[in-house]
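Encoded as structure tokens, the structure appears first; notes follow it.
Residue numbers (our numbering): 118 to 779.
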């Protein structure tokens, strides 16, 4: 095992056009060297490969090297011979040495892989299928034309979401690096994208886990004979509380508030004790304990890496599907369920002429599949080199989209039941959006079903499992990115780094645990991730397709899978997907959302704060570009050329050896 070599000495006795060997190291010319390292993970060549001659496709022959690097990129006592090769490979030269070479060698030797292929698939499915599939898709679907919305949704998935999903899996699997260090092998000047992704993931962890803390509070409260949000006789109830499910003849008025809504707003969130974002109030100790327990579960699930998290997702990724099926069957048997289904799927073809519908479809598929958070890069980097990531991308993205569609039936059968009980139209019942749809409307429907305690427990368990594996994934994106970028510091201290990261996320979540924390969650959800992630993935797509080169990327895929992506994928990566992202980003920026939660209208200054939060992550990209150009020697043109040229080799396994490829 050796480090990459670069020879500064002239090789005078090499014949032109022939490969040379310096102490066992092949050299194409005096300025480049080829490193071959033994690979413990054997990859058996095909029969066709065994029968091929020793010619390497890019002109190199393969010979194992044992020449050490002196730290200066120099090789002593060169002697040229004409070697014979026994293994077929495709490779290019490495121009790194010293500490960088040691880092690559550490990556090669210490990189863990998934125990089983199914661990990877369940982890990706668990990441993509999250709480948004349950509340966001059904709401957006009926709001934008019901069944007619499936047309723009499918089109955006085919030409935008799935190609980006596939691209990230292929990048991570080929280069075997996290979101930061991978850019050394693609286009170094875009390395700021990796830092931006890590900041975005930390923002998400600061509010997303708080929603799970709410679900955990509900879960604990469900272990009673009578669910606490079924009556108006509790200490937190007001005079407007109206229980229309009671046996008394109670009429629903415009000022009526359901007991489920008062439990959510006055007992769980306690928003009545806050005046808004300028006066958040104190911290809820109950939610703080719930969040602390959730982060404890997260820590012990990911502290050892994908070997442990890959086993946990067997529960967290499969359990929600069992519960969804049970709730679907139960919802279909409720009186009035057909009204909800009809409202969910009834097509409004006129909606297709509205630009907003296409923007919502693009945003929904993008945030549902989840490229741009570094998770797909991290998870795919632990795959074996020849894993069929193309098949994985199609399977997992299809499962995700189907789950969103089926979740709509689970939600709207219950909304139809609620409308039947209230003697109102479904549109009046379905006013709640986001978490309120789950914690108010659905919780209230469950409370008035037979065996309500059982259904409440499994429903909130489902919400917890949906959120947990998405949290595993988001934090793994940060962990893999930092550990790959600083292996000499953290590679042997993963448990300590994960603990520090969990503490940072918990402290960052304290603002969302206040009495006005729900307002903070809403602000972060709309501004901290939306436009920032869209910008990140747009630049990522441009960097890969236009700077790294679509031809080079397709060649990388061919090395892994044995076939080149077709023209459809090429066109999507080069043109359609970037335009798709630019379209959604510009639409969002031109029409910023007017935020309103419960009875609170967000003041104008919160929009400014929101954009500042979103910009705080994206600003890393231009800052790093300027920094990169400053530290790179040479003229401006030379600096630009060096900054967009891959600087680090990628280890590629072939036969019994590993080779460097850029």
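For glycine and all other residues, C-beta sits at the position ideal for the given N, C-alpha and C. From a predicted model like this one, the values you see are computed outputs, not experimental measurements.
A contact between stretches requires three or more CB pairs, one per stretch, nearer than 8 angstroms, and the stretch 430 to 444 fails this requirement with the stretch 600 to 613.
Straight-line measurement puts the Cα of residue 626 at about 12 angstroms from the Cα of residue 329. If you draw a 10 Å sphere on the C-beta of residue 292, you find 16 or more other C-beta atoms in it, and that means buried. Relative to the Cα of residue 542, the nearest Cα in the group 335, 455, 237 and 304 belongs to 455. Look at residue 542 here: in three-state DSSP terms it is coil, with no helix or strand label.
In this structure residue 457 is in contact with residue 533, their Cβ atoms being roughly 3 angstroms apart against a cut-off of 8 angstroms. Taking a cut-off of 8 angstroms for Cβ pairs, the stretch 320 to 336 and the stretch 582 to 599 touch, as three or more such pairs fall below it. Under the DSSP definition of a beta bridge, residue 393 partners with 396.
Cβ atoms of residue 702 and residue 651 come within 8 angstroms of each other, at about 4 angstroms. Where residue 406 is concerned, the enclosing alpha helix (DSSP H) starts and stops at 402 to 419.
Burial is judged here by how many other beta carbons sit within 10 angstroms of a residue's own beta carbon; residue 598 has at least 16 and is buried. With contacts defined by Cβ atoms closer than 8 angstroms, residue 602 and residue 289 do not form a contacting pair.
Residue 561 and residue 258 have their C-alpha atoms some 22 angstroms from each other. Residue 593 has its alpha-carbon roughly 18 angstroms from the corresponding atom of residue 248. Its Cα nearest to that of residue 665, the residue 302 stands out among 577, 302, 446 and 754. Annotation for residue 597: the continuous alpha helix (DSSP H) segment containing it runs 569 to 602. Going by DSSP, residue 292 is part of the alpha helix (DSSP H) stretching over 279 to 292. When the five nearest sequence neighbours on each side are left out, the beta carbons in the same chain lying within less than 8 angstroms of the beta carbon of residue 311 are those of 295, 296, 297, 298, 299, 300, 491, 598 and 602, in order along the chain.
Sorting 677, 309, 387 and 502 by C-alpha distance to the C-alpha of residue 228 places 502 at the top. Where residue 333 is concerned, the enclosing alpha helix (DSSP H) starts and stops at 309 to 338. Secondary structure at residue 714: strand, using DSSP grouped into helix, strand and coil. Exposure of residue 679 is indicated by the presence of fewer than 16 other C-beta atoms within 10 angstroms of its C-beta. With 16 or more other CB atoms across the displayed protein chains lying within 10 angstroms of its CB, residue 525 is buried. When the beta-carbon positions are compared, residue 378 and residue 563 stay at least 8 angstroms from each other. Here residue 623 is near residue 408, since their CB atoms are less than 8 angstroms apart. Burial is judged here by how many other beta carbons sit within 10 angstroms of a residue's own beta carbon; residue 638 has at least 16 and is buried. For the pair residue 441 and residue 306, the CB atoms are not nearer than the 8 angstroms cut-off. Approximately 7 angstroms separates the beta-carbon atoms of residue 588 and residue 322; this is inside 8 angstroms, confirming the contact. Assignment of beta-bridge partners to residue 631 by DSSP yields 400. Put simply, of 596, 386 and 692 the residue whose alpha carbon is nearest the alpha carbon of residue 621 is 596.
Per the Cβ contact rule, the stretch 465 to 473 is in contact with the stretch 254 to 272 (3 or more Cβ pairs under 8 angstroms). When rounded, the separation of the alpha-carbon atoms in residue 733 and residue 512 is 35 angstroms. Annotated as proximal: residue 320 and residue 641, with beta-carbon spacing under 8 angstroms. Between the stretch 684 to 693 and the stretch 705 to 724, the count of Cβ pairs shorter than 8 angstroms is below three; the stretches do not touch. In the three-state reduction of the DSSP assignment, residue 374 falls in the strand class, which pools E and B. If you check the CB distance, residue 694 and residue 660 do not come in under 8 angstroms.
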